Amino acid sequence: MTTTPQSSTVASASPANSPVADPQNIAVVGGGMAGLLAALVLARDGHHITVYERDDTDVPATADEAFDKWDRRGAAHARQSHAILARLRRILRDRAPDVLEELMAQGATELSVERILPPDIDDREPRPGDEDLALLCVRRLTIEWVLRKAVTAEPNVVWRGGVGVAGLLADGTDVRGLRLDDGTTVEADLVVVGGGRNSPILDWIAELGGAVQPVEEQSEAGIVYLSRFYRLRDGQELPLLTKDGAGGDIGYIAFAGFYGDNNTFSITFGVPTNDRELLAALREPSAWEAAIRTLKPLDPWTADGLAEPITDVESMARLKNRVRRFVVDGTPVATGVVVIGDAALATNPWYGKGCSLAGIAAEELSRALKQHGRDRVGLAHAMDTAVREELEPHYAMAVRQDADRIKLHTSMHDGSEPDAMAAATRDFVLNGLLPATRVDADVFRAFFRSFNMLDKPEVLMTDQKVMAAAFAAHAKKDERPPAPKLGPERDEFLAVMAAATA
Ligand SMILES: Cc1cc2nc3c(=O)[nH]c(=O)nc-3n(C[C@H](O)[C@H](O)[C@H](O)COP(=O)(O)OP(=O)(O)OC[C@H]3O[C@@H](n4cnc5c(N)ncnc54)[C@H](O)[C@@H]3O)c2cc1C
């Protein structure tokens with residue numbers, strides 16, 4: 109059976125959106141962050157959207173219920189710490205201000221630049237652009253829940269929960285719809301695939317038998333990501349970032365505290381994949397609790413009586429940086445299909461970029477559809493250009509950072525000489541760039557904009573004021589008192605954990 113999803117109503121457009129003249133029937137595969145953001149933006153452009161999401165669960169009633177009970181086995185990482193960078197906040201503010209408002213009403217908070225400007229900076233004057241510069245503190249399942257409610261409330265969205273997609277319906281390499289798990293097919297003017305990092309999209313395209321196949325590039329992130337969530341006890345408050353920040357990288361391990369919503373927060377470690385001893389130890393909750401109490405920036409987060417854990421220690425491995433290109437040597441591998449989110453491009457979660465990358469892809473797709481309409485070849489090229497220009501620089505940065513870190517971890521592990529370039533880069537960041545951010549309001553903002561993907565990565569490193577300040581700080585590194593230690597040496601860290609489990 110082939111059906112054509114239709115809806116009868118016209119989209120409610122927010123002021124930032126201008127509806128298209130020729131709305132299309134768009135099938136979205138996957139209702140995770142990428143599918144939701146694309147569905148929201150495209151529905152508000154006036155398109156008719158059907159979302160096919162394999163997970164078959166009712167929408168929870170509250171944010172806490174979403175966290176405690178929502179069955180999101182299709183996105184197992186949804187219960188890991190997520191930072192929602194300023195880039196995605198800005199996309200929501202500009203494209204769906206009501207969704208941002210609802211997020212705040214549901215307990216999200218904002219870490220704006222004026223709130224986290226380092227205490228040693230006297231110049232606290234606001235700057236143009238500060239209105240963009242705020243992180244969203246919210247659990248991933250809360251933002252997903254708010255987005256899901258917003259998407260399903262759109263009159264021109266049909267949500268097909270519990271419906272898995274098995275492949276593409278196509279005329280040669282021209283995609284015309286979907287094949288569903290139940291053997292039926294559906295037609296669509298355009299298919300948007302947002303099936304996440306395990307999406308079999310490459311197999312689906314291979315099945316079309318085209319002469320040109322997608323190109324994939326991938327590299328190891330080099331870490332396992334471990335998180336544990338906590339809830340503040342009645343009457344307790346988590347202080348705002350202190351001078352020590354809320355995390356750090358002490359060479360053999362990186363750690364961070366994440367502010368959540370509704371009196372929750374989480375603590376996360378990035379453990380080198382080759383350090384099996386550390387990984388095994390941290391998975392034990394009592395060892396974890398002892399470990400987090402050795403890390404100075406986490407002192408406010410681990411104060412006696414502050415909070416109680418609400419999850420076990422959850423880990424996520426096999427993390428990669430990966431990009432797939434769907435226009436190869438100038439030829440689209442298929443038309444009528446656009447791949448977004450982790451299915452197209454994924455980065456090491458430690459950098460917190462994934463949801464913002466999904467938001468950028470949704471915006472770019474909206475723009476490309478307005479420009480190219482039903483010109484399917486034009487759309488494929490426009491999306492390829494957008495990915496290369498707007499997304500890949502962030503991917504390339506993650507690849508470079510991870511390659512350097514993996515080299516340093518390897519030498520730490522096997523006692524070999526550290527890679528000179530990787531060591532020099534780390535030294536410049538730790539003893540030049542970061543100290544400069546702590547004393548200069550503009551350097552801090554430039555760094556924070558870069559971290560939050562408001563600027564492309566190269567902007568920071570080519571900013572003359574930033575580089576001059578970083579080199580000056582680096583030149584004086586030996587004149588400064590040694591930076592306070594953020595945590596113990598690895599042996600001591602392991603010993604503390606061993607004692608906690610003895
Ligand atoms: C441990 C970890 C921590 C992270 N931390 C951050 C962070 O701090 N900040 C940040 O911005 N990003 C973070 N990310 C990245 C972010 O979670 C992803 O980039 C984001 O989830 C990608 O969204 P997506 O929609 O592409 O995939 P997902 O969110 O994985 O959603 C895919 C959806 O598609 C559905 N699906 C899959 N196949 C089918 C099918 N055949 N038919 C129907 N439905 C299907 C799945 O059920 C799922 O709902 C983190 C990732 C990990 C792994």
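Read in this note's numbering, the sequence shown has 368 at position 260, and its numbers run on one by one without any break.
The beta carbon of each residue, even a glycine, is placed where N, CA and C say it ideally should be.
Fair warning: this is a prediction, and the values are worked out from it, not measured in the lab.
Residues of the same chain with a CB within less than 6 Å of the CB of Leu276, apart from the 5 flanking positions on each side, are Val283, Trp312 in chain order. Under the three-state reduction of DSSP output, Lys564 falls in the coil class, being neither helix nor strand.
Rounded to whole angstroms, the gap between the alpha carbons of Pro127 and Glu471 is 14 Å. Shortest Cα-Cα distance from Arg391 to any of Ala554, Gly523, Ala425 involves Ala425.
Inter-residue distance for Met141 and Asp586 is about 46 Å (C-alpha atoms, whole angstroms). Tyr503: member of the alpha helix (DSSP H) spanning 500-522, first to last residue. Counting C-beta pairs closer than 8 Å gives fewer than three between the region 196-215 and the region 340-360, which falls short of the contact rule. Annotated three-state conformation of Asn539 is helix, per DSSP.
Counting only residues of its own chain and dropping the five nearest sequence neighbours on each side, Thr376 has a CB closer than 6 Å to the CB of Ser189, Ser335, Ala364.
One alpha carbon belongs to Val294, the other to Thr170, and they sit about 33 Å apart. If you ignore the 5 residues before and after Asp450, its C-beta comes within less than 6 Å of the C-beta of Gly304, Arg305, all in its own chain and listed in chain order. Looking at the DSSP output, Asp357 bridges to Ala362. Cα atoms of Lys515 and Arg268: separation of roughly 45 Å, rounded to the nearest angstrom.
Comparing C-alpha distances from Val495 to each of Val485, Ala532, Phe434, Gly540 shows the shortest one belongs to Phe434. A direct Cα-to-Cα measurement between Arg339 and Phe601 gives close to 25 Å.
Residue environment: Arg181 is assigned as exposed (fewer than 16 neighbouring CB atoms within 10 Å of its CB, all protein chains considered). In this structure, Thr250 lies away from Asp176, with their beta-carbon atoms at least 9 Å apart. Residue state for Asp153 is assigned as coil, using DSSP reduced to three classes.
A residue is called buried once 16 or more other Cβ atoms fall within 10 Å of its Cβ, and Ala389 is buried on that count. In terms of side-chain proximity, the C-beta atom of Met141 is found nearer than 8 Å to a non-hydrogen atom of ligand 1. Secondary structure remark: continuous alpha helix (DSSP H) runs of at least 4 residues inside the region 240-282, in chain order: 248-261. Excluding sequence positions up to five before and after Pro589, its CB lies less than 7 Å from no other CB in the same chain. Between His517 and Thr455, the C-beta spacing is not below 9 Å. In this structure, the straight-line span from the alpha carbon of Lys428 to that of Leu316 is close to 27 Å. With a threshold of 8 Å, the Cβ atom of His502 does not count as near ligand 1, since no heavy atom of the ligand is closer than that. Three or more beta-carbon pairs separated by less than 8 Å are not found between the region 530-537 and the region 154-171, which leaves the two stretches without contact. The C-beta distance from His480 to Ala490 rounds to 6 Å, short enough to fall under 8 Å.
At least one heavy atom of ligand 1 falls within 8 Å of the beta-carbon of Ala454. Under a 10 Å Cβ-count criterion, Gln344 is classified as exposed, with fewer than 16 other Cβ atoms of the shown protein chains found around its own Cβ.
For ligand 1, no non-hydrogen atom lies closer than 8 Å to the CB of Met575. Under the DSSP assignment, Gln326 falls in the beta strand (DSSP E) whose first and last residues are 323-328. Pairing Val149 with Leu562 gives a Cβ-Cβ distance that is not under 9 Å. The closest heavy atom of ligand 1 lies 8 Å or more from the beta carbon of Leu562.
Ranking Ala476, Ile309, Gly438 by CA distance to the CA of Val431 puts Ile309 first. Here Ser464 is buried, its C-beta having at least 16 other C-beta atoms within 10 Å.
A check of alpha carbon separations from Ala174 across Arg248, Gly413, Arg508, Val259 identifies Arg248 as the nearest.
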